[in-house]
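Chemist: I'd like to ask some things about the structure below.
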Amino acid sequence: MDSTFYGAIASSAVIHGQLEYPQWYDPIQLLGPQDCIASVNDIVDKMDSLVASNNRAAVQELKNIFGLAALKDIRDFAQTIAFPIGGPFFYPSNTWQEINWNPKYGHRDFFYFCDNVTDINAVPEITTVDQALAKYTGGKPWKNLGNYAAYVKRFILPLCESGDYNSPECFGTQHPDWWANTTTGAERSYLYSTCTEFGAYQAAQPIGKKSLLSRVINSTYTQEWCNWAFPKGKYNSIPATPDLAKWNSFGDFNFTAGRLLFVDGSADPWKDLCYHSDLAPQREWDSQPQHLINGAGHVWDLRTLDDIDTEPQYIREATKLEIRTVGTWLKDFASSGFAS
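Here our numbering runs 29 ahead of the position in the sequence shown, where the first position is 1.
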């Protein structure tokens, strides 16, 4: 650590930058309710086959089923129907990332979504939708398409109060003037770090690997927003793509500091950009203070209880580790000369 901070806890801290981040969805693929996950994967595959075949009429029918015929850009449609799942940048509802062990701060919307997608008692007017596009897929039904679309129409579309779904205030992103508006809020600041150094653009898995997000979304989608939001000016310009070398110049996956404790969750969608990433090189000897909470999501160690003995054991043990670690630092602080 430098002379500014004596010690710190890095909770779900991203230390690795990369351009596209399809791994955001990996924990959901692995740990989400598998009948729900399989249905979404299959619907995405079928949608992508329609797009690849340039079957515009079929794609428009699909948009109609979700109540999103007004969305002009297929990528905006793909992003909108993925909102209940989430992504690394923009979504208007609670997602996998907002799940938390502490009910005071957590939201279970993702599980409500999956309950609806896999509802075996849905009414015929919903279940018959599964056959609506079978004529384009060799007679094969789109299992749970009706349930999926019904959820989006009931819980996502009402978030657009004006009903103008293609507007920038709702689900349409192809509005350069809106992105260039410097009065917009915190998302603009986050986008700047994304565009300049960090990356982690929303992206789907390639063909041949299951994807919860349509493959029409890749790095060019987010890069357009970057170019519209931050055009070259007198005092500032952004690179053509994020300067990942700057972000990673502090050590990347080998980032080390003596009084820095990395705490990550194995179910965190950001884990693969954190210290415990599956993408990190194998470390033969690890002297860096670190802890991986098995089964935990994003920043699950931040929300503790006054009586830590009533926390779930996997959270409680992480809390106790952090208390011991900081306690050790404090014992050394008085004699360190740091504050003099």
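The C-beta atom is built at its ideal place from N, Cα and C for all residues, glycine as well.
Just how far apart, CA to CA, sit residue 277 and residue 216?
Modeler: 23 Å
Chemist: Measuring CB to CB, does residue 240 end up less than 7 Å from residue 73?
Modeler: yes
Chemist: Return no unless some Cβ of chain E is closer than 7 Å to the Cβ of residue 71.
Modeler: In the displayed structure, chain E is absent; only one protein chain is listed.
Chemist: Report the CB separation of residue 318 from residue 290 in whole angstroms; it is logged as a contact under 8 Å.
Modeler: 4 Å
Chemist: If I follow the unbroken beta strand (DSSP E) through residue 141, where does it start and stop?
Modeler: Per DSSP, residue 141 belongs to no beta strand (DSSP E); it is in the alpha helix (DSSP H), 138 to 146.
Chemist: In chain order, which alpha helix (DSSP H) runs of at least 4 residues are fully inside the stretch 128 to 209?
Modeler: As far as the stretch 128 to 209 is concerned, its whole alpha helix (DSSP H) runs of at least 4 residues are 138 to 146, 153 to 156, 174 to 180, 205 to 208.
Chemist: Have a look at 133, 132, 137 and flag the residue whose alpha-carbon is nearest the alpha-carbon of residue 124.
Modeler: For the residues 133, 132, 137, the minimum Cα distance to residue 124 belongs to 137.
Chemist: Give the DSSP bridge partners of residue 292, in chain order.
Modeler: 40, 320
Chemist: How close, in whole Å, do the beta carbons of residue 304 and residue 293 come, if the pair is a contact with beta carbons under 8 Å?
Modeler: 6 Å
Chemist: What does the Cβ neighbour count give for residue 50, buried or exposed, with the cut at 16 atoms within 10 Å?
Modeler: buried
Chemist: By DSSP, does residue 98 sit in helix, in strand, or in coil?
Modeler: coil
Chemist: Does the pairing of the stretch 46 to 61 with the stretch 104 to 119 give three or more beta-carbon distances under 8 Å?
Modeler: yes
Chemist: For the stretch 158 to 168 against the stretch 193 to 204, are there 3 or more C-beta pairs whose distance is under 8 Å?
Modeler: no
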